[in-house]
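What follows is a single structure, written as C-alpha cells, with notes after it.
Residue numbers (the working numbering): 1 to 242.
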C-alpha cells in the first residue's frame with residue numbers, strides 16, 4: 001500500500017532558538033516546504049507552550065539563555081512527549097548521544113545546510129506518521145509480550161509487576177515498530193524509516209540500548225531485543241495484539 005504523503009501544514013513545529021537570524025533561517029526553510037512554525041527564544045517559554053498545545057516536533061537548540069537545552073528535552077519527554085530534533089553548535093559526540101539518551105529523535109550540527117534540516121524534519125515526521133497509521137489501521141492497539149503490556153495509543157508501557165515505565169515518544173515509536181514485526185530482522189534503515197543511514201550514525205543503537213534498559217533486557221545477553229550483527233535487530237518473543 002502506498003503511504004499517504006505528509007501534509008506539512010498539519011504538522012505543529014516549535015522552534016527553540018535564541019539567535020534570531022538562525023531562527024529566521026529555520027522557519028523560512030521550513031516555510032518553503034509548507035511547514036508552519038512557532039518560534040521561541042527561551043526554554044521555559046517552549047515548555048509552557050507545549051503544556052498548552054502538544055507539538056508534533058520541536059527543534060531545540062542546546063545553547064539557551066535561561067536553561068540547558070538538554071533539560072528542555074528531558075522535561076518535554078516527561079510532560080509533553082513529542083518528536084525532537086536537537087540543534088547544536090557543540091561538535092561533541094557525548095552531547096549528541098546524551099540528547100538521544102534523553103529521547104531526542106535526531107540531531108543536526110551548526111552550521112547546517114537548510115535542505116538537510118528540512119530532510120531531517122520530514123524523515124522524523126514520516127516515521128511518526130507510519131507509527132500513527134499502523135496504530136489507527138485496526139482496533140488492536142495493545143501489545144502483550146513476556147508479561148509486559150504496551151498501549152500504542154497512549155505510549156504506556158506496563159511491567160510484569162504492574163509499574164508503569166516512562167517512554168519518550170522516540171522510544172515508544174521504536175518499540176511499536178519492533179512489536180508490529182516480531183521475530184523478523186529489521187535493519188537500522190527500517191527502524192529509522194530512512195533508505196540511507198550514515199554508517200557512523202549510532203542514533204538507533206543508542207535508542208535500542210535505552211529501550212533494553214527499560215525492558216530489563218540484559219544488554220550482554222538480551223532476551224527480548226536481539227542484535228543480528230551486520231543485519232539489524234530482532235524482537236525475539238511472541239507478541240499478542242488485543
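Backbone N, C-alpha and C fix where the C-beta goes; we use that ideal spot for every residue, glycine too.
- Under the three-pair Cβ rule at 8 Å, the segment 67–74 counts as touching the segment 35–46.
- Per DSSP, residue 88 is one residue of the beta strand (DSSP E) stretching across 83–88.
- Of the residues 181, 183, 230, the one whose Cα lies closest to the Cα of residue 205 is 230.
- In this structure, 62 is the residue among 62, 71, 174 with its C-alpha nearest to the C-alpha of residue 89.
- Per DSSP, residue 173 lies in no beta strand (DSSP E); the unbroken alpha helix (DSSP H) holding it starts and ends at 169–180.
- Where residue 39 is concerned, there is no enclosing alpha helix (DSSP H), although the beta strand (DSSP E) around it starts and stops at 36–40.
- The alpha-carbon separation between residue 177 and residue 203 amounts to approximately 16 Å.
- Apart from the 5 residues on each side of it in sequence, residue 222 sits with its Cβ closer than 7 Å to the Cβ of 212 in its chain, given in chain order.
- Around the beta carbon of residue 107, a 10 Å sphere encloses 16 or more other beta carbons of the protein chains shown; the residue is thus reported as buried.
- Approximately 15 Å separates the beta-carbon atoms of residue 79 and residue 171; this is outside 8 Å, ruling out the contact.
- 7 Å or more divides the Cβ of residue 237 from the Cβ of residue 150.
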